[in-house]
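Its first residue numbered 29, the sequence shown is counted upward by one per residue in the working numbering. Report on the structure given below.
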Amino acid sequence: MHKEDTQALLSFEDIMDREIYIISDSDTHNTSGVDWYADFVYPADYYHEMDIHSLSSSAHCVAGLRDWFSEPRVHAVPNVVAEIARFRDILHYKVTMLNEFETARHRSSGKNRVVNRRKRKMNGRFEERSGEAKSILEGICFDYVRIFKSAEKNAFRPESPDRFRCIGEKVLHVAESTGCKVDNKALFGQRYTDCEDLHADEQIVAAALYRSLYEGKETAIVTPDSDLARILVNTYYDMRQDSRESAEVVSFAMSKYPIRLYFVKKDPLTSTSSAILLIDSAEHLGDVDYLQEKGLVLVKALPRSVDKDKGFYMRSVSD
29 MHKEDTQALL SFEDIMDREI YIISDSDTHN TSGVDWYADF VYPADYYHEM DIHSLSSSAH
89 CVAGLRDWFS EPRVHAVPNV VAEIARFRDI LHYKVTMLNE FETARHRSSG KNRVVNRRKR
149 KMNGRFEERS GEAKSILEGI CFDYVRIFKS AEKNAFRPES PDRFRCIGEK VLHVAESTGC
209 KVDNKALFGQ RYTDCEDLHA DEQIVAAALY RSLYEGKETA IVTPDSDLAR ILVNTYYDMR
269 QDSRESAEVV SFAMSKYPIR LYFVKKDPLT STSSAILLID SAEHLGDVDY LQEKGLVLVK
329 ALPRSVDKDK GFYMRSVSD
């Protein structure tokens, strides 16, 4: 893969044709910058309060995600499976509550049989919109059941759980110490401060590193979250500083069994989701100018000294 190819827009089908083993994020098909559940579903007490157009667009994205995870080459780490299960349960609970509210509303309206013509017409529109929204949202719920089953079936399973756990702890330490995780905070603000971080981003990077270092296998990561690229880059440079032997092993593995990270975003011309090859470890991890241009070298909190010639931060030899 030549550098000039990295910015070419790729479809999900293109990625499938290029890659043998893909580790996917949980929300690859929603690149709108909008949290459709928080914006369109959560605030509603009744189905007719939902925006049908927005709900239909969301259903289309979820259907794409359903088809994506059904592909045998697409895999999910355990914490991504957990994220999907959590959201499946949130949706199920919301639909249950909406149905209860709708039942109570119908009982209340049934007690008052004297309704003028204008109100009957308005109620008819409400009922039509309610039925349509209910059908769409129940379809989304069913799709998430299927997404969960596919993700669980094709879940990443390391040959050595202990080695995978050690790499996971390393990646988590780097992510927490360097402030790599900024994408979701910027996108969603404070709405998820009460939602437990399952650290799926770190586990995706750990799985790709594990496959390269210990199983000698290439891996593709597909995500709409730029945090993963920063976590991968910073973990790579942190691992290289552990020892000279570690630097040689990590550099060899990243070159021989590369990790390719595809960043998914909305194509401004077609308004569909497309991806670019943001990182190919065989090419880009040693290209500091490229990494700095993309804003991916972010190490700042671990004890470090600056190598001004190379332009990135390195752990001090005395650490």
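Glycine residues also receive a C-beta, built at the ideal position from the N, C-alpha and C atoms.
Residues bridged to residue i [DSSP beta-bridge criterion]
| i | result |
| --- | --- |
| I249 | I51 and L289 |
| K181 | DSSP output for K181 lists no bridge partner at all. |
| K294 | S301 |
| L226 | Answer by DSSP bridge pairing: none, since L226 is not bridged. |
| L83 | According to DSSP, which records beta bridges pairwise, L83 is partnered with nothing at all. |
| L38 | A303 |
Within 8 Å, strictly: CB atoms of residue i and residue j
| i | j | result |
| --- | --- | --- |
| E384 | Y75 | Here the chain comprises residues numbered 29 to 347, so residue 384 is not present and cannot be evaluated. |
| A257 | L324 | yes |
| D229 | D255 | yes |
| H57 | L93 | yes |
| N262 | C208 | yes |
| F192 | Y264 | no |
| I118 | A248 | no |
| D308 | P286 | yes |
| Q82 | W64 | Correcting the residue type first, residue 82 is Ser in the shown sequence and not Gln. Yes. |
| I232 | I51 | yes |
| F184 | H103 | yes |
| S279 | R288 | no |
| V90 | M78 | no |
| R101 | F176 | no |
| E243 | E321 | no |
| S240 | A281 | yes |
| A310 | V105 | no |
Boundaries (first-last residue) of the beta strand (DSSP E) holding residue i
| i | result |
| --- | --- |
| A303 | S301 to D308 |
Segment limits, alpha helix (DSSP H) that includes residue i
| i | result |
| --- | --- |
| Q320 | V316 to E321 |
| E99 | Segment: none, E99 is in no alpha helix (DSSP H) and carries neither H nor E. |
| Y70 | Y70 -> no alpha helix (DSSP H), and no H or E assigned at all. |
| C194 | P189 to T206 |
| L313 | No alpha helix (DSSP H) contains L313, which DSSP labels as neither H nor E. |
| R263 | In the sequence on display, residue 263 carries Thr and not Arg. Residues D255 to R268. |
| M282 | R272 to K284 |
| field | Touch test, the region 102 to 118 against the region 159 to 168, Cβ-Cβ under 8 Å, three pairs minimum | value | Taking a cut-off of 8 Å on C-beta distances, the region 102 to 118 does not touch the region 159 to 168, as fewer than three cross pairs fall below it.
Those runs of the beta strand (DSSP E) which lie wholly inside the region 101 to 135 and span at least 3 residues: Within the region 101 to 135, there are no complete beta strand (DSSP E) runs of at least 3 residues.
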